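Asks: Residue numbers (the working numbering), protein chains in the order written: chain A, 57 to 340; chain B, 1070 to 1493.
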Ligand SMILES: Nc1ncnc2c1ncn2[C@@H]1O[C@H](COP(=O)(O)OP(=O)(O)OP(=O)(O)O)[C@@H](O)[C@H]1O
Ligand SMILES: [Mg+2]
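1) Just to confirm the assignment, what range does the beta strand (DSSP E) spanning residue 286 of chain A have?
2) What residues from chain A crowd round residue 1487 of chain B, counting only those whose CB sits closer than 8 angstroms?
3) Quick one: any contact between the segment 1329 to 1338 of chain B and the segment 136 to 156 of chain A, if contact means 3 or more CB pairs under 8 angstroms?
4) Quick check: the Cα distance between residue 174 of chain A and residue 82 of chain A, rounded to an integer number of angstroms?
5) Where does residue 1120 of chain B fall in DSSP's three states?
6) How about residue 218 of chain A and residue 252 of chain A: are their beta carbons less than 8 angstroms apart?
7) One question on the structure: do residue 61 of chain A and residue 112 of chain A come within less than 8 angstroms of each other, judged by their Cβ atoms?
8) Quick one: residues in its chain with C-beta nearer than 6 angstroms to the C-beta of residue 1224 of chain B, no 5 flanking neighbours on either side, listed in chain order?
9) Ends of the alpha helix (DSSP H) at residue 190 of chain A?
10) Compute the minimum distance between the beta carbon of residue 95 of chain A and the heavy atoms of ligand 1, and state whether it is under 7 angstroms.
11) By alpha-carbon positions, which one of B/1429, B/1398, B/1191, B/1178 ends up nearest to residue 1166 of chain B?
12) Say yes only if the C-beta of residue 139 of chain A is nearer than 7 angstroms to one or more non-hydrogen atoms of ligand 3, and no if none qualify.
13) Just to check my reading of the structure: residue 1252 of chain B and residue 1233 of chain B have Cβ atoms closer than 8 angstroms, yes? What is that Cβ distance to the nearest angstrom?
14) Quick one: residues in its chain with C-beta nearer than 8 angstroms to the C-beta of residue 148 of chain A, no 5 flanking neighbours on either side, listed in chain order?
15) My output table needs one value for residue 1412 of chain B: the three-state DSSP class, helix, strand or coil.
16) Return the chain-ordered list of same chain residues with a C-beta closer than 6 angstroms to the C-beta of residue 1284 of chain B, the five sequence neighbours on each side being excluded.
17) Identify whether residue 1129 of chain B lies in helix, strand or coil by the three-state DSSP scheme.
18) Identify each residue in the segment 135 to 147 of chain A for which the Cβ-Cβ distance to at least one residue of chain B is less than 9 angstroms, and report them in chain order.
19) Taking 7 angstroms as the line, does the beta carbon of residue 90 of chain A fall inside it for any heavy atom of ligand 1?
20) May I have the straight-line CA-CA distance separating residue 1228 of chain B from residue 1458 of chain B, to the nearest angstrom?
21) Report yes or no: do three or more beta-carbon pairs, one from the segment 1475 to 1490 of chain B and one from the segment 1420 to 1430 of chain B, lie closer than 8 angstroms?
22) By a C-beta neighbour count over all protein chains shown, 10 Å radius and 16 as the cutoff for buried, is residue 1305 of chain B buried or exposed?
23) Apply the 10 Å Cβ neighbour rule to residue 287 of chain A and answer buried if 16 or more other Cβ atoms are within range, or exposed otherwise.
24) Less than 7 angstroms separating the Cβ of residue 216 of chain A from some heavy atom of ligand 2?
25) CB-CB under 8 angstroms to residue 1433 of chain B, same chain, minus the five flanking residues each way: which ones, in chain order?
26) Across the segment 1358 to 1365 of chain B and the segment 190 to 208 of chain A, are there enough close Cβ pairs to call them in contact, namely three or more that are closer than 8 angstroms?
27) Does any CB atom of chain B fall closer than 8 angstroms to the CB of residue 156 of chain A?
28) Counting only Cβ pairs nearer than 8 angstroms, list the residues of chain A close to residue 1345 of chain B.
29) Within 8 angstroms of any Cβ in chain B, is that where the Cβ of residue 126 of chain A sits?
30) Where does residue 314 of chain A fall in DSSP's three states?
31) Could you compute how far the alpha carbon of residue 80 of chain A sits from the alpha carbon of residue 1074 of chain B?
32) Go to residue 165 of chain A, then tell me how far its alpha helix (DSSP H) extends in each direction, as first and last residue.
33) Within 10 Å of its beta-carbon, does residue 1371 of chain B have 16 or more other beta-carbons around it, so buried, or fewer, so exposed?
34) Can you list, in chain order, the residues of its chain whose CB lies under 6 angstroms from that of residue 1469 of chain B, leaving out five sequence neighbours each side?
35) Does the structure place the segment 1395 to 1402 of chain B close enough to the segment 1310 to 1318 of chain B that three or more beta carbon pairs sit under 8 angstroms?
36) Kindly list the residues whose CB is nearer than 8 angstroms to the CB of residue 1310 of chain B, restricted to its own chain and excluding five residues on each side of it in sequence; keep chain order.
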């Protein structure tokens, strides 16, 4: 279990992570949602021991997580897919997997079995021998993810794993993440794509400027922060929008006053929650 | 250990996949070996004429005539200089042969019937082929002298009357009388030969012993350079493969940082020590491999003959150790790959120039060779050349090897201590 306990981290004057607390449980996909610069990557880096918190503790499996990146033992059971693709481009996909597998102590047939499984996981079996520099963006993304799980870790941290890929690759990645969850892994998934979080994440933490704004399941978040939905009504050529928490009642009221040709109800979604919590001002 | 080897193998794999890295560690040094080897091979064949130093202690018109004849002979470049200077030239290996015309040479040349003219030849024993050729030219010249003498009745007559006086002074005997009769007749021999039309068929020294006695002494020349120019050029190439390898590997840490793989390595269950050891091992393995491959090629194809194989192995190892240390220091000085490459090459080129990486050490003036002591490249070349053609003993090899290992260990330690471990 990954635990953030009142964790803060600053770069100079900038408070990148500010008093952040959460716990991730086995068999769940935990979403870290936030606009650019919210502190998602900084949080991930503290989780894997690359960065040391200024305040608070990052713990893993209830033991004090050793924050010294040079102490190897605590890192055995975690796998990281970094936000920017981190692969050796000059060698093949299978060789990348094999290399990182060896680094995690795999060898012989165990290693080869894992390489085959991970190539399959990333749908790259046919191109495993091809050098990575010849891969498409989607293939690299999938390999970037596969390398994170070569050693079959308990905790998998995926930092924006779908950036720059086509809908097909994206969908494949979703399915793989669900597969990981079904296998009982703990998955931390950062993104700023709402529909991804809504589809994949069991619980979502929305953070902004390093602070935790809300943390719950998606329906609960929508319930709490989604606000009213929208009823769109069309009569002839004119269309009107009505905010409401009671779409049936509002529709009946409208029909009493005018003829309604067509209507559509747009319930609040995670994006509404996100914008309500983080505001509409541009970041960066 | 398995992890270190895995990381090192990956680095070497990548190095040989990387076209630029491959160029600088393998292709460029090899081209250099062949290019400079061929170039200096042409030079050491030198001018078409063999230089000989000539010392004339006789100083007669006859000796001058002989010298002139030698000068016209094809194949020799005769330089007339004092004896001491000539000896020095042979000692330094600048001239292969020194020829001395001792007092009395001219008299014997004009009158070879009593004493055969004699020259002293001083040679460097390794230059026996050249000495043989000079010997031939000297004999030829003396033969031509004799032929001239025999076909010139006036000179022959002068010699004979001189000899007659000598024989007449001896106590009477049959032999004396026969000798005098022969001398009396001999001036007519050449005209008789001409009358019979046999002139062209007779060699000048026919019926006589060799027209010239050559007394040969040997002087051991200091070897200023190798006999095979590829011996230096391959040593230089091996140095360049070290330089290319160390610069490429110094970039590799920066590249791992910029490509994000350093983050992956740091998140993996390995320690910084593992990482450093792997980088060092990769650099050591790659440079040892390429330098060994180069010298193997030199030995098998270009006839380079190392004077000691065990010392060569030692030199190869120490050279690689030194440059792997330098690699680590370079990767600290250059934070980004461009900086690492720029600083690496920027430092390597002048130091190589000074250390004999471009112009061979033995062609450099003494003071420059001394100045070169600040360059690790010079110590590497000393070790390589020591085993390849300088004929170092183990004791002589210890100094350059100790310097190399010391530089390597120091640079590696400094580098490893100051390496940035952040991933951005
Ligand atoms: N090493 C660093 N030095 C200084 N500032 C940093 C460093 N790393 C991150 N920051 C700053 O900290 C803040 C949080 O960055 P972080 O990368 O964690 O955001 P993020 O949520 O991952 O954003 P994105 O969605 O763009 O990836 C940003 O303002 C960033 O500029
Ligand atoms: Mg980020």
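All C-beta atoms, glycine included, are put in the ideal place defined by N, C-alpha and C. Being a predicted model, the structure only gives us computed values, none of them experimental.
Replies: In terms of the structure at hand:
1) 285 to 291
2) Correct list: empty, because the minimum Cβ distance to chain A is about 15 angstroms.
3) Yes, the segment 1329 to 1338 of chain B touches the segment 136 to 156 of chain A.
4) 21 angstroms
5) strand
6) Contact: yes.
7) yes
8) 1218
9) Looking at the DSSP string, residue 190 of chain A is not in any alpha helix (DSSP H), and its letter there is neither H nor E.
10) yes
11) B/1191
12) Ligand 3 is not part of the structure shown, which contains ligand 1 and ligand 2 as its ligands.
13) Correct: roughly 5 angstroms between the Cβ atoms.
14) These residues qualify, in order along the chain: 184, 185, 186, 187, 188.
15) helix
16) 1189
17) coil
18) Here the close residues are 135, 136, 138, 139, 140, 141, 142, 143, 144, 145, 146, 147.
19) Residue 90 of chain A: yes, Cβ under 7 angstroms from ligand 1.
20) 54 angstroms
21) no
22) Buried, because 16 or more other Cβ atoms sit within 10 Å of the Cβ of residue 1305 of chain B.
23) buried
24) yes
25) 1425, 1441
26) no
27) yes
28) Correct list: empty, because the minimum Cβ distance to chain A is about 11 angstroms.
29) Because the pLDDT of residue 126 of chain A is 46, which lies under 50, any placement of that residue in the model is unreliable, and the number read from its coordinates should be weighed accordingly. Yes, because at least one Cβ of chain B sits closer than 8 angstroms to the Cβ of residue 126 of chain A.
30) coil
31) 36 angstroms
32) 164 to 177
33) buried
34) Correct list, in chain order: 1448, 1451, 1452.
35) yes
36) 1094, 1095, 1098, 1356, 1359, 1360, 1363
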